[in-house]
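A quick write-up on the structure given underneath.
Residue numbers (the numbering used here), protein chains in the order written: chain A, 4 to 177; chain B, 4 to 177.
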């Protein structure tokens, strides 16, 4: 994988390309640019994750709060980011029936009230049949453990988004 | 000033209202929500500033990199945030002639190349006549001092944006 192109980007280009690796947190990509050059995609990913891990708890919660609900208001209103829209569509969350949408809305509301951040899940590794059960399960967990799990999902999402970007034409090596 | 309404906001409302107090960094407002309730506007501001100060240098540089150039590409393309557009227009930066625009573009490029972040200035406290001279002056400063100065400008911008929001109908007390 050719990182030469990545390492040659000025910060404006870098944030344009990698700004949504962490949903609605271009600040993180903008910070990671300070760590260039990157030796490979694992190294680039490592710096994204290290930045997340080094934030105070409020900052980690802040990252989660920049995420949309699954099958929530932003999906209905068409205001999801392109990445989130693709992921939620791929998981079948755009074709729920009314009863499924209502069930998920209730669970999302309970989760937000309990933890103070939205339910975050790497939708590409799940599907519409599994989401409500997983949400109900995580709703029962202790807050400190759940923060950890949720940040783990942020990283899974980031890893998949990075793989998409680094595999794209002009970035991949021979 | 009535903070009751602010303190009653869920995180979604809070980020909708305060998400651009720091330009394109909703993560910061989302993190600050963890510190509620706020006793007054100074207290709210204090938490924004404390979050900025606690970031590692790469994160502070990241904040700066989320800012647009003054009279730059995003102004030309109409992709500024509403707040930044208002501030740049107020400073007269939308009515530069071609020679002024070129001069500023050259200085902005030199600044970005030297410091690795864009020139940030609280435009509402300046004007089109003063900006090029201030930019040329700051271009000469040592990088560590300039990072400090630039973050000071981020805070001035944030203070003014907070004052706008807290003074708005429905938020101000009797």
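For glycine and all other residues, C-beta sits at the position ideal for the given N, C-alpha and C.
Inclusion of residue 120 (chain B) and residue 67 (chain B) in the CB contact set at 7 Å is warranted, their separation being smaller than that value.
Chain B places a beta carbon closer than 7 Å to that of residue 69 (chain A), counting this residue as a contact. Less than 7 Å separates the beta-carbon of residue 126 (chain A) from that of residue 90 (chain A). Only 34, 35, 36, 37, 38, 50, 54, 57, 58, 59, 60, 61, 62 and 63 from the region 34-63 of chain B bring a Cβ to less than 9 Å from some Cβ of chain A.
Residue burial is scored here from C-beta neighbours: residue 10 (chain A) has fewer than 16 other C-beta atoms within 10 angstroms and is therefore classed as exposed. By the Cβ criterion, the region 46-65 of chain B is in contact with the region 33-41 of chain A, since at least three pairs of Cβ atoms, one from each stretch, lie closer than 8 Å.
The shortest CA-to-CA distance from residue 146 (chain B) to any of B:70, B:103 and B:114 is the one to B:114. Remark: C-beta atoms of residue 129 (chain B) and residue 94 (chain B) approach each other more closely than 7 Å.
Using a Cβ-Cβ cut-off of 7 Å, residue 118 (chain A) does not count as an interface residue toward chain B, since no Cβ of chain B sits closer than that to its own. As the crow flies, the alpha-carbon of residue 81 (chain A) is around 14 Å from that of residue 70 (chain A). Counting only residues of its own chain and dropping the five nearest sequence neighbours on each side, residue 99 (chain B) has a CB closer than 8 Å to the CB of 74, 107 and 131. Residues of chain B whose Cβ lies closer than 9 Å to the Cβ of residue 123 (chain A) do not exist, since the nearest Cβ in that chain is about 13 Å away.
At the C-beta level, residue 161 (chain B) and residue 51 (chain B) come within 7 Å of one another.
Just so you know, the alpha carbons of residue 42 (chain A) and residue 156 (chain A) end up roughly 25 Å apart.
Counting along the chain, residue 87 (chain B) sits inside the alpha helix (DSSP H) bounded by residues 85-93. Residue 122 (chain B) sits away from residue 149 (chain B), with the two beta carbons spaced by 7 Å or more. Using a Cβ distance threshold of 7 Å, residue 44 (chain A) and residue 169 (chain A) count as a contacting pair.
In the DSSP assignment, residue 62 (chain A) falls within the alpha helix (DSSP H) that extends over 60-68. Contact check for residue 164 (chain B) against residue 24 (chain B) passes: the beta carbons are separated by less than 7 Å.
At a cut-off of 7 Å, the C-beta of residue 30 (chain A) has a neighbouring C-beta in chain B.
For residue 117 (chain A), the uninterrupted alpha helix (DSSP H) run begins and ends at 101-118, by DSSP.
In this structure, B:137 is the residue among B:97, B:88 and B:137 with its C-alpha nearest to the C-alpha of residue 110 (chain B).
Contacts with chain A at 7 Å (Cβ-Cβ) include residue 27 (chain B).
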